[in-house]
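Participant:
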Amino acid sequence: MEQRISLVTLGVSDVARSRAFYEALGWRGQEVEETVFFQAGGLALVLWGRDKLARDCGLADGTGIGFGGIALAHNVRSDAEVDALLKAAERAGATVTKPAATNAVGFYSGCFADPDGHAWEIAHNPGFTLAEDGSLTIPDFGTA
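First residue of the sequence shown: 912, per this note's numbering; consecutive thereafter.
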C-alpha cells in the first residue's frame, strides 16, 4: 500500500447542512448522488450520509455526535489566521472546543467541531513548512 490518503469521508446527518457549513468557510464542492466532493489539495474531503457510510463500511451506525477517535487538521501560515479561521467556523455553525493558545510543544492552535461533531484542529506550526499551494512537508525529526 502506498503511503498516501486519497479521500477522507465524513458521515453526516444532513448533507445539505454540512455542505452549507463548509461552503461558508470558503470551500467549493460538487454534489453527485447525495454525496459532496471537495478537492482539498492532493486529496478529497467527502460528505456522505452517516447511515449510508456506516452501511457501506459494513458497520453499525454508532451514537452520532461525539469524539470518534479522529481529528482533521488544517495548518495555516500565522497565529492570526488560526484566530480568524476559528471565528469563521463559529460563525458558520461550528462549536469551538478549544480556544487558540500556544500548546506545550510551542505551536499555536485551537479546535472546533463541525455541525456533526467532526473535530478539526487549526494550527500554526512554523516547523511544518507549507508550500505555496498549501501542501505540508513534515520536518526531519532526526529519529530512526
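Positions of the beta carbon are idealized from the N, C-alpha and C atoms, including for glycine.
Where G979 and G940 are concerned, what is the direct C-alpha to C-alpha distance, given to the nearest angstrom?
Facilitator: In a straight line, the C-alpha of G979 is about 24 angstroms away from that of G940.
Participant: State the start and end residues of the unbroken beta strand (DSSP E) segment that holds E913.
Facilitator: Counting along the chain, E913 falls outside any beta strand (DSSP E), and DSSP gives it neither H nor E.
Participant: For the beta strand (DSSP E) containing E944, name the first residue and the last one.
Facilitator: Taken as a continuous stretch (DSSP letters only), E944 belongs to no beta strand (DSSP E), as it is neither H nor E.
Participant: Please report the Cβ distance between L958 and R930, rounded to the nearest whole angstrom; I am assuming they are in contact, meaning their Cβ atoms lie under 8 angstroms.
Facilitator: Correct: roughly 6 angstroms between the Cβ atoms.
Participant: Does S917 get closer than 8 angstroms to chain C when you measure Cβ to Cβ?
Facilitator: No chain C appears in the structure shown, which is made up of a single protein chain.
Participant: Report back the beta-carbon spacing between G1045 and G952 to the nearest angstrom; my notes put them in contact at under 8 angstroms.
Facilitator: That belief holds up - the Cβ atoms of G1045 and G952 are roughly 6 angstroms apart, short of 8 angstroms.
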